[in-house]
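Numbering (the working numbering), first residue to last: -16 to 121. Note that CB positions come from ideal geometry on N, CA and C, so glycine has one too. Remarks on the structure that follows.
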Ligand SMILES: [Zn+2]
């Protein structure tokens, strides 16, 4: 497979790299306003790309922090223990899908697909406005 067919991502320090076939990445992104993501990201929400786990190649050794989510599932959050960059998350009970953070791809030239879904909208700040046309899920 040629390099143009693969999207490469990396954390800030470059210790962790991701490679995903372009056609394995979703055509739409998801946004999550849950309190755990807000806390972990230090921002209003996180932008996620749900991707088949088998399509993701990781180099380096991300640290994993497991947390019991509001749904009762366990979310494994992968991050770089050197630079702190959030890489992805995976629900332990549904390991076939990985929620890759957009952040590691920010410098790759990969164009972030438009979001179709904003989860935990009730956790959004009172002054936030949803993206036009998205489905809001409380
Ligand atoms: Zn790093």
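Residue i Cβ short of 6 Å to ligand 1 heavy atom set
{"i": "residue 38", "result": "no"}
{"i": "residue 32", "result": "no"}
7 Å CB neighbourhood of residue i in its chain, flanking five on each side removed
{"i": "residue 18", "result": "106"}
{"i": "residue 109", "result": "none"}
{"i": "residue 111", "result": "27"}
{"i": "residue 91", "result": "-10, -9, -8"}
{"i": "residue 78", "result": "36"}
Per-residue burial, residue i [other beta carbons within 10 Å of its own, 16 or more giving buried]
{"i": "residue -15", "result": "Below a pLDDT of 50, predicted positions are generally treated as unreliable, and residue -15, at 46, falls in that range; no measurement from the model is reported."}
{"i": "residue 114", "result": "exposed"}
{"i": "residue 16", "result": "buried"}
{"i": "residue 102", "result": "buried"}
Chain C contact for residue i (CB, 7 Å cutoff)
{"i": "residue 82", "result": "No chain C is present in this structure, which holds just one protein chain."}
Start-to-end residues for the beta strand (DSSP E) that takes in residue i
{"i": "residue 22", "result": "Note, residue 22: premise wrong, no beta strand (DSSP E); alpha helix (DSSP H) at 18 to 24."}
{"i": "residue 60", "result": "57 to 62"}
Residues near residue i by beta carbon distance below 6 Å, same chain, minus five either side
{"i": "residue 37", "result": "none"}
**Q.** Residues proximal to ligand 1 by C-beta, any heavy atom closer than 6 Å
**A.** Residues whose Cβ lies closer than 6 Å to any heavy atom of ligand 1, listed in chain order: -6, -5, -4, -2, -1, 63, 65, 66, 68.
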